[in-house]
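In the numbering used here, the protein residues as written are 628 to 720.
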């Protein structure tokens, strides 16, 4: 029984490490979209890096959008945790 819990913890660590590698790779990806004088550059992990409208940088807009995206990700993570019951269900607690 204790051995099973250690095995589960090992699997969780492996999954966490893989998720962190994927997250790092996504952070390094650059995605650009441009249309009608508006250009947006984002990373693969959904962080806005640049917004340009008619050649003018929009740093304030970048900051606000990143805050909104972060909050939406936090809400999504919280909802997922509520649905899954956290790690307690996996570890038999």
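Idealized CB from N, CA, C, for every residue including glycine.
Note that the coordinates shown come from a computational prediction; the quantities given were computed from them, not determined experimentally.
Grab the span of the beta strand (DSSP E) containing residue 677 for me, first residue to last. 675-680
Cβ-Cβ distance between residue 668 and residue 657 below 8 Å: yes
Quick one: grab the DSSP three-state call for residue 637. helix
Could you round the C-beta distance between residue 665 and residue 680 to whole angstroms and report it? I think they count as a contact, below 8 Å. 5 Å
Cβ-Cβ separation, residue 689 to residue 677 (assumed contact under 8 Å), whole Å: 7 Å
Measure the C-alpha to C-alpha separation of residue 642 and residue 699 and round it to an integer number of angstroms. 23 Å
So what does DSSP say about residue 701, is it helix, strand or coil? helix
DSSP state of residue 708, grouped into three classes? helix
What separation, rounded to the nearest whole angstrom, lies between the Cα atoms of residue 710 and residue 701? 14 Å
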